[in-house]
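Protein chains: 2
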Amino acid sequence: MTDATRQRILDTAEQLFADQGFHATTLRQITREARVNLAAVNYHHGSKDALILAVFQRRLDELNSERLARLDAVLTESDPPDLEKVLEAFINPALLLSTQSAGDGGRFMRLLMRAWAENATQLHGAIARQYSHVMRAFADAVSRALGTSPDNLRQQLDFLIGALTYTMAETRDDQVEDTARALVRFGCAGLRESALAAIPKTSLKENIA
Amino acid sequence: MTDATRQRILDTAEQLFADQGFHATTLRQITREARVNLAAVNYHHGSKDALILAVFQRRLDELNSERLARLDAVLTESDPPDLEKVLEAFINPALLLSTQSAGDGGRFMRLLMRAWAENATQLHGAIARQYSHVMRAFADAVSRALGTSPDNLRQQLDFLIGALTYTMAETRDDQVEDTARALVRFGCAGLRESALAAIPKTSLKENIA
DNA sequence: CTATGATTCAAACACACGTTTGAAACCTTC
DNA sequence: GAAGGTTTCAAACGTGTGTTTGAATCATAG
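Chains W and H, in that order, are what the protein sequence lines are.
The first sequence begins at 69 in the working numbering and counts up by one.
The second sequence begins at 69 in the working numbering and counts up by one.
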């Protein structure tokens with residue numbers, strides 16, 4: 069089986085999608101740059117839309133399983149978990165993915181932003197579905213680290229995701245470690261402060277019980 | 069002069085761009101929905117690209133001047149300025165723009181995300197140019213509120229912009245005030261914490277001098 | 001070596017896009 | 001109410017897109 073063609077299409081498409089967007093990138097451009105015949109995309113992937121989804125599936129699987137593995141390590145290490153380490157388990161795999169996946173960093177993050185922006189319905193839905201259980205796991209871990217209920221945490225985690233996605237997309241390879249460190253610190257402070265604001269109601273409840 | 073057609077095109081285009089993206093939205097779709105002839109876009113705006121820019125110009129002018137006006141009020145009120153109020157001056161106009169500009173909230177924020185993602189070079193450049201002096205002003209105000217140098221502040225402000233843009237785009241009208249409050253709190257805590265980390269080097273410098 | 005299935009290739013297809021055109025309709029001003 | 005400039009309109013143009021096709025090439029198993 070000639071899996072090489074499939075892979076080369078996937079790699080080239082990922083790069084071009086990240087640089088130019090999905091709609092702006094044409095199959096002719098992809099196949100030319102990948103040194104592959106035009107019809108190869110439809111033969112191996114079915115359609116352009118399916119190709120876009122395949123590009124995401126590959127990276128998202130990688131990113132999310134790495135995140136969950138690290139979270140698991142943090143959770144078994146101490147209970148309640150350390151907030152910094154939970155956030156690192158969420159943030160660092162993203163930065164690793166940016167730097168190691170051949171080529172310039174931030175490509176995949178740019179890709180994520182485009183996915184969010186373009187072609188909303190189908191792609192956004194598929195990504196959200198693939199993210200949901202990861203988000204639940206991290207929201208749970210953070211809430212235990214903070215000692216608060218996970219109810220209002222989704223909002224703060226969204227702040228973090230927004231900050232991560234936005235900055236990673238603009239961060240160069242050599243700054244990426246510093247940025248991650250700064251983001252962990254920033255996020256921890258924000259989460260702890262928000263937890264302080266939420267505590268009064270909780271402790272009131274506990275006083276009744 | 070029939071300015072009505074121009075405006076109706078602008079309004080409809082803004083909505084469709086926000087919902088579907090620039091590339092995915094066709095002039096036929098815009099003109100059909102705006103009850104306007106197909107050629108009207110080219111007649112009134114020159115081209116599709118020019119239309120996209122015009123849509124942004126209108127909102128960005130509004131947003132930035134409002135931000136600067138509020139910042140000015142905060143700065144004259146007290147010196148050094150209050151960090152919370154500086155952040156509110158940055159965040160609240162964005163939320164106002166979301167809710168008041170007829171139709172569903174978050175539209176303009178979604179638009180901003182798309183602008184960032186799509187058509188990178190031209191549009192991103194134009195927006196950044198229009199944003200730069202505003203960012204400078206806020207970075208300056210924040211640095212004075214924190215009592216630190218504005219050198220590394222850009223990064224933290226990028227965190228804030230990312231969080232703002234990402235969450236505003238997904239926030240419904242009735243939640244938008246809560247979200248803004250939470251974001252101000254979140255951002256203040258993050259900025260203060262980051263300032264603490266930066267101080268040692270600064271104070272070392274001051275000790276030498 | 002040959003037959004069978006998988007893969008590549010050049011060419012073409014149908015379609016939708018942004019834009020242009022030139023005439024019609026409209027509005028203003030004298 | 002006619003002239004002149006502005007705006008609308010239906011129709012078409014050229015181009016580039018994703019996809020399909022059918023023959024050619026390749027790999028593999030009998």
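Yeah, the Cβ is synthetic: ideal placement off N, Cα and C, and Gly gets one too.
| According to DSSP, is H:Thr216 helix, strand or coil? | Along the second sequence, one-based indexing puts residue 216 of chain H at 148. Of the three classes helix, strand and coil, the one that applies to H:Thr216 here is coil, per DSSP.
| What first and last residue would you give for the alpha helix (DSSP H) that runs through W:Asn132? | One-based indexing of the first sequence puts residue 132 of chain W at position 64. Where W:Asn132 is concerned, the enclosing alpha helix (DSSP H) stretches over 116-145.
| Using the beta-carbon of each residue, which ones in chain H are nearer than 7 Å to W:Ala265? | One-based indexing of the first sequence puts residue 265 of chain W at position 197. What W:Ala265 touches in chain H: Arg253.
| How about H:Ala157 and H:Leu232: are their beta carbons less than 9 Å apart? | The residue labelled residue 157 of chain H in the question sits at position 89 within the second sequence. The residue labelled residue 232 of chain H in the question sits at position 164 within the second sequence. For H:Ala157 and H:Leu232, no; Cβs fall outside 9 Å.
| query | What's the C-alpha gap between H:Glu101 and H:Thr80? | reply | Start at 1 with the first residue of the second sequence, and residue 101 of chain H comes out as number 33. Start at 1 with the first residue of the second sequence, and residue 80 of chain H comes out as number 12. Using only the alpha carbons, I get a separation of about 7 Å.
| request: Report buried or exposed for H:Thr144, applying the criterion of at least 16 other Cβ atoms within 10 angstroms of its Cβ. | output: Counted from its first residue, the second sequence places residue 144 of chain H at position 76. So H:Thr144 ends up on the exposed side.
| said: Suppose you measure from the CA of H:Lys153 to the CA of H:Leu264; what does that come to, to the nearest Å? | reply: Mapped onto the second sequence, residue 153 of chain H falls at position 85. Mapped onto the second sequence, residue 264 of chain H falls at position 196. H:Lys153 and H:Leu264: Cα-Cα distance of roughly 20 Å.
| Where H:Ser57 meets chain W, residues with beta-carbon distance less than 9 Å | Nothing in the structure corresponds to residue 57 of chain H, since chain H is present only between 69 and 277.
| Quick one: Cα of H:Leu121 to Cα of W:Phe176, how far? | Residue 121 of chain H sits at position 53 when you count from the first residue of the second sequence. Residue 176 of chain W sits at position 108 when you count from the first residue of the first sequence. Each residue's alpha carbon lies about 27 Å from the other.
| said: Just checking: is the beta-carbon of H:Phe227 within a distance shorter than 9 Å of some beta-carbon in chain W? | reply: As a working mapping, residue 227 of chain H is identified with position 159 in the second sequence. Closer than 9 Å: yes.
| H:Met181 to W:Asp147 span [Cα, whole Å] | Stepping through the second sequence from its first residue, residue 181 of chain H is reached at position 113. Stepping through the first sequence from its first residue, residue 147 of chain W is reached at position 79. Between H:Met181 and W:Asp147, the C-alpha separation is close to 38 Å.
| field | Under 9 Å (Cβ pairs) to chain W, residues found in the stretch 190-201 of chain H | value | none
| Coarse secondary structure for W:Ala250, derived from DSSP in three states | Sequence index remark: in the first sequence, residue 250 of chain W carries index 182 (1-based). Correct three-state label for W:Ala250: helix.
| task | Closer than 9 Å, Cβ to Cβ, to anything on chain H: give me those residues from the stretch 205-219 of chain W, in chain order. | result | none
| Can you tell me the Cα-Cα spacing of W:Arg74 and W:Phe90, whole angstroms? | As a position in the first sequence, residue 74 of chain W is number 6, starting the count at 1. As a position in the first sequence, residue 90 of chain W is number 22, starting the count at 1. Going from the Cα of W:Arg74 to the Cα of W:Phe90 covers about 18 Å.
| query | Alpha carbon to alpha carbon, how far is W:Ala205 from W:Leu136? | reply | Here residue 205 of chain W refers to the residue found at position 137 of the first sequence. Here residue 136 of chain W refers to the residue found at position 68 of the first sequence. Straight-line Cα distance between these residues: approximately 8 Å.
| said: Report the CB separation of H:Ile195 from W:Tyr234 in whole angstroms; it is logged as a contact under 8 Å. | reply: What you label residue 195 of chain H is simply residue 127 of the second sequence in a count that begins at 1. What you label residue 234 of chain W is simply residue 166 of the first sequence in a count that begins at 1. Actually they are not in contact, since the Cβ atoms of H:Ile195 and W:Tyr234 sit about 14 Å apart, beyond 8 Å.
| query | In chain H, which residues lie less than 9 Å from W:His91 when you measure between Cβ atoms? | reply | Start at 1 with the first residue of the first sequence, and residue 91 of chain W comes out as number 23. Under the 9 Å cutoff, chain H gives Gly89, Phe90, His91, Ala92, Glu186.
| message | Contact criterion: CB-CB distance below 9 Å. Does W:Gln83 meet it with respect to chain H? | response | Numbered from 1 along the first sequence, position 15 holds the residue referred to as residue 83 of chain W. Answer no: the Cβ-Cβ gap between W:Gln83 and chain H never drops below 9 Å.
| request: Using beta-carbon positions only, say whether H:Arg76 and H:Arg103 come within less than 9 Å of one another. | output: By 1-based counting over the second sequence, the position of residue 76 of chain H is 8. By 1-based counting over the second sequence, the position of residue 103 of chain H is 35. Yes; because the gap between Cβ atoms is below 9 Å, this pair is in contact.
| Among W:Ser115, W:Ala118, W:Leu131, the one whose alpha carbon lies nearest that of W:Tyr199 | Start at 1 with the first residue of the first sequence, and residue 199 of chain W comes out as number 131. Comparing Cα positions, the closest option is W:Leu131.
| said: Quick check: what's the CA-CA separation for W:Met236 versus H:Asp226? | reply: On the first sequence, position 168 is the one that residue 236 of chain W refers to. On the second sequence, position 158 is the one that residue 226 of chain H refers to. For W:Met236 and H:Asp226, the distance between alpha carbons rounds to 10 Å.
| task | Using the Cα positions of H:Leu259 and H:Ile159, report the straight-line distance between them to the nearest angstrom. | result | Looking up residue 259 of chain H in the second sequence gives position 191. Looking up residue 159 of chain H in the second sequence gives position 91. Each residue's Cα considered, the two are about 15 Å apart.
| message | Within 10 Å of its beta-carbon, does H:Thr247 have 16 or more other beta-carbons around it, so buried, or fewer, so exposed? | response | Counting from one through the second sequence, the residue named residue 247 of chain H turns up at place 179. Answer is buried; the Cβ neighbour count reaches 16.
| said: According to DSSP, simplified to helix, strand and coil, what is H:Phe90? | reply: Reading the second sequence from its first residue, position 22 is the one you call residue 90 of chain H. H:Phe90 falls in the coil class under three-state DSSP.
| task | Might you give, ordered along the chain, the residues of its own chain that have their beta carbon closer than 6 Å to the beta carbon of W:Asp87, omitting 5 neighbours on each side? | result | As a working mapping, residue 87 of chain W is identified with position 19 in the first sequence. Contacts found: none.
| query | Any Cβ of chain W within less than 9 Å of the Cβ of H:Leu151? | reply | Indexing the second sequence from 1 puts residue 151 of chain H at position 83. No, H:Leu151 does not count as interfacial toward chain W.
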